[in-house]
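The opening position of the sequence shown corresponds to residue 1 in UniProt numbering, with each subsequent residue numbered one higher.
One structure is given below, encoded as structure tokens.
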Amino acid sequence: MTSRLQTVLALVNTAAIAGVLFAFVDHQRDSRQELEELRAQVRKASTGDSLDLAGRRAAAETAMRLWAANAGAQPSAARAQPPVQAQTPAPEEGSEAGDVPPPPPPRPPPPSFEQSRTRVFTAFAEETVDNDWSGKASQTLNEAFRQHLPASSRVKSLDCRATLCRVELVHRTAADHGALLMNGLRAWPGSILVASEAQEGADYVVTLLASKEGTRPPL
């Protein structure tokens with residue numbers, strides 16, 4: 001073998017050894033193709049008869065074994081997978097950084113006045129009569145009307161049941177009704193709903209629903 005050929009082969013083997021060691025250190029080029037190329041370089045080195053080439057061949061074989069052992073320590077399936085992202089540890093029980101609950105569902109729109117009025121009228125129609133409460137409620141309302149109802153106004157109807165009273169009042173003007181609400185019904189302990197106001201000829205008719213103290217009408 002000529003000295004030029006030996007020099008070329010020495011350079012080739014040196015490059016192979018450097019490439020193997022680089023792959024072994026960086027763990028970035030652990031492919032089957034590189035392993036086959038490395039084996040080819042070792043086979044080429046085996047044809048040399050000088051002591052330098054024999055040493056390089058032994059070094060190349062050692063580097064190849066190290067590279068193969070390192071590559072074999074990681075399964076190919078694991079190398080093909082992307083790196084696993086670090087998971088945030090679950091917060092301890094009672095920690096303030098717990099799972100954020102999902103946002104509450106949107107609230108439905110509030111019922112219209114017509115819907116609320118229908119509900120209250122329906123609830124009143126379905127109530128039975130509580131003789132004890134209805135008698136006391138009727139007395140309280142009649143006393144308020146006697147003291148504060150304008151002379152031109154009158155009570156058309158008054159019906160008390162278990163938790164609701166339905167009252168129809170007839171006024172001459174809307175102003176008469178406003179004065180009654182401001183002054184005459186303050187003595188009533190529960191809530192009062194003005195269910196309807198209508199001009200019927202010369203009469204201004206108002207329908208009220210008065211609820212028992214401590215209860216809420218189904219608006």
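C-beta atoms are modelled at their ideal positions from N, C-alpha and C, and glycine is treated no differently.
Close beta carbons around residue i, own chain, < 8 angstroms, minus the five adjacent residues each side
i: residue 137; result: 160, 165, 210, 212
i: residue 146; result: none
i: residue 190; result: 210, 211, 212, 213, 214, 215
Beta strand (DSSP E) segment containing residue i, residue limits
i: residue 207; result: 203–211
i: residue 193; result: 192–200
Which residues DSSP lists as bridging residue i, in chain order
i: residue 157; result: 168
Separation of residue j from residue i, as counted between CA atoms
i: residue 162; j: residue 125; result: 11 angstroms
i: residue 143; j: residue 202; result: 26 angstroms
i: residue 197; j: residue 114; result: 13 angstroms
i: residue 129; j: residue 174; result: 32 angstroms
i: residue 152; j: residue 179; result: 13 angstroms
i: residue 181; j: residue 116; result: 20 angstroms
i: residue 193; j: residue 99; result: 45 angstroms
Residue span of the alpha helix (DSSP H) that contains residue i, given as start and end
i: residue 132; result: 131–148
i: residue 116; result: 113–126
i: residue 178; result: 174–179
Own chain, CB closer than 6 angstroms to residue i, minus 5 neighbours either side, in chain order
i: residue 170; result: 154, 156, 203, 205
i: residue 195; result: 117, 207, 209
i: residue 184; result: 144, 148
i: residue 218; result: 119, 123
Chain D contact for residue i (CB, 7 angstroms cutoff)
i: residue 132; result: Among the chains of the structure shown, chain D does not appear; only one protein chain is present.
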